[in-house]
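Asker:
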Amino acid sequence: MTTVAEDGRTGSYEEFVAARSATLFRTAYLLAGSRPDAEDLLQVTLVKVYGGWSRVTRAASPEAYARRILVNAFVSSRRPARFTRERLVHTPPDDAVHDPDPDDRLDLWPLVRALPPRQRAVVVLRYYEGLSEREIAEELRIAPGTVKSTCSAALRSLRETMGERA
Numbered sequence: 013m014t015t016v017a018e019d020g021r022t023g024s025y026e027e028f029v030a031a032r033s034a035t036l037f038r039t040a041y042l043l044a045g046s047r048p049d050a051e052d053l054l055q056v057t058l059v060k061v062y063g064g065w066s067r068v069t070r071a072a073s074p075e076a077y078a079r080r081i082l083v084n085a086f087v088s089s090r091r092p093a094r095f096t097r098e099r100l101v102h103t104p105p106d107d108a109v110h111d112p113d114p115d116d117r118l119d120l121w122p123l124v125r126a127l128p129p130r131q132r133a134v135v136v137l138r139y140y141e142g143l144s145e146r147e148i149a150e151e152l153r154i155a156p157g158t159v160k161s162t163c164s165a166a167l168r169s170l171r172e173t174m175g176e177r178a
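Per the numbering used here, residue 13 is the first one in the sequence shown, and the count goes up by one each step.
Below, the structure is given as structure tokens:
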């Protein structure tokens with residue numbers, strides 16, 4: 013699936029995935045907190061990117077467009093569902109496979125994972141991805157002031173929780 017954008021850029025979905033999937037996976041992992049959840053989140057994102065590939069290639073930054081899809085999918089997945097459907101499987105999952113989780117060594121990371129979805133998204137985009145408040149506001153489609161207040165609330169919550177642990 014090769015396209016030519018209005019500004020003359022040529023690129024295929026496959027090239028985009030090959031070049032940017034590692035970066036998108038890192039963001040997904042930081043948001044989701046576990047490898048399996050990050051893989052699922054990345055897959056959902058890449059399916060949506062594929063479905064809207066013509067819009068993605070017209071964006072000023074296709075990576076930022078895909079990251080916005082990823083963050084929105086994460087926040088949406090954390091909203092309470094009105095109902096859930098059970099999936100029946102023929103064999104139980106293999107629990108014997110255990111990847112060592114590098115965030116087990118970090119003191120702060122479990123506290124970040126406990127934040128509400130929007131606060132976690134703001135913290136990850138700000139402090140792990142290095143985006144500015146303006147860029148985060150664009151990613152999440154919220155006002156810059158909301159980014160500031162959400163970040164402030166997240167940091168206050170982290171400080172309080174760390175104070176309780178000390």
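From the three backbone atoms N, C-alpha and C, an ideal C-beta is built for every residue, glycine too. Nothing here was measured: the structure is a model prediction, and the numbers come from that model.
Just confirm the distance between the C-beta atoms of Thr162 and Arg130, as a whole number of angstroms; I'd bet it's less than 8 Å.
Answerer: For this step, residue 162 is matched to residue 150 along the sequence shown. For this step, residue 130 is matched to residue 118 along the sequence shown. That belief holds up - the Cβ atoms of Thr162 and Arg130 are roughly 6 Å apart, short of 8 Å.
Asker: Check each candidate in Tyr41, Thr69, Ala149 and name the one with the smallest Cα separation from Glu27.
Answerer: As a first step, residue 27 must be located in the sequence shown, where it is residue number 15. Comparing Cα positions, the closest option is Thr69.
Asker: By a C-beta neighbour count over all protein chains shown, 10 Å radius and 16 as the cutoff for buried, is Arg153 buried or exposed?
Answerer: Along the sequence shown, one-based indexing puts residue 153 at 141. Flag for Arg153 reads exposed.
Asker: Do Ala50 and Tyr41 count as a contact pair if the criterion is CB distance below 8 Å?
Answerer: Position 29 of the sequence shown, counted from the start, is the residue given in the question as residue 41. Position 38 of the sequence shown, counted from the start, is the residue given in the question as residue 50. Yes. Within cutoff.
Asker: Where Ser66 and Lys60 are concerned, what is the direct C-alpha to C-alpha distance, given to the nearest angstrom?
Answerer: In the sequence shown, the residue the question calls residue 66 occupies position 54. In the sequence shown, the residue the question calls residue 60 occupies position 48. One C-alpha to the other measures close to 11 Å.
Asker: Can you grab the Cα-Cα spacing for the pair Pro156 / Gly23, in whole Å?
Answerer: Here residue 156 refers to the residue found at position 144 of the sequence shown. Here residue 23 refers to the residue found at position 11 of the sequence shown. About 32 Å.
Asker: Ends of the alpha helix (DSSP H) at Tyr139?
Answerer: Residue 139 sits at position 127 when you count from the first residue of the sequence shown. No alpha helix (DSSP H) contains Tyr139, which DSSP labels as neither H nor E.
Asker: When the Cα of Phe37 is compared with those of Ala72, Val136, Val124, which residue comes out closest?
Answerer: Counted from its first residue, the sequence shown places residue 37 at position 25. Among Ala72, Val136, Val124, the Cα nearest to that of Phe37 belongs to Val136.
Asker: Please state whether DSSP places Arg38 in a helix, a strand or coil.
Answerer: If you number the sequence shown from 1, residue 38 lands on position 26. Arg38: helix per DSSP, three-state reduction.
Asker: Considering only C-alpha positions, which residue in the set Trp121, Pro128, Leu120 is nearest to Phe86?
Answerer: Here residue 86 is taken as the residue at index 74 of the sequence shown, counted from 1. Nearest C-alpha to Phe86: Pro128.
Asker: Quick one: using the 10 Å Cβ neighbour count with 16 as the cut-off for buried, is Thr39 buried or exposed?
Answerer: For the purposes of this step, residue 39 is identified with residue 27 of the sequence shown, where counting begins at 1. It counts as buried.
Asker: Quick one: Cα of Val83 to Cα of His102, how far?
Answerer: Numbered from its first residue, the sequence shown carries residue 83 at position 71. Numbered from its first residue, the sequence shown carries residue 102 at position 90. The straight-line gap from Cα to Cα measures roughly 33 Å.
Asker: Classify Glu11: buried if its beta carbon has 16 or more other beta carbons within 10 angstroms, exposed otherwise.
Answerer: Residue 11 lies beyond the stretch modelled for the chain, which goes from 13 to 178, so this question has no answer here.
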